[in-house]
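Working notes, beginning with the structure itself.
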Amino acid sequence: MGKIDAGEAADIAAEAVALIEHIRSSLTKDDDGVVRLDPVEGRKLVRHLLSLTKAIAFAVID
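So the sequence shown is numbered by numbering that gives the first Met the number 0: it starts at 0 and just counts up by one.
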């Protein structure tokens, strides 16, 4: 397994923070207290997560 340098680690951490913020901003709570995620935002979140996973994989492979 490869090692991740500090620059790559910082990029991955920044992407992870962006993903967490994306999740937080995508969730809504209705009047009954149920937390919901819009399906369109859900698909965007999946793409965001895949992008982060790809960045980690490429950093480890290099």
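Glycine included, every Cβ here is placed at the ideal spot set by N, Cα and C. A quick note: this is a predicted structure, and the numbers were derived from the prediction, not measured.
By alpha-carbon positions, which one of the options ends up nearest to residue i?
i: residue 41; options: 10, 6, 24, 55; result: 24
i: residue 51; options: 17, 5, 3, 4; result: 17
i: residue 46; options: 14, 31, 28; result: 14
i: residue 36; options: 9, 7, 22; result: 22
Can you tell me which residues form a DSSP beta bridge with residue i?
i: residue 35; result: 27
Would you kindly check if the distance between the Cβ of residue j and the Cβ of residue i is under 8 Å?
i: residue 58; j: residue 3; result: yes
i: residue 39; j: residue 26; result: no
i: residue 54; j: residue 11; result: yes
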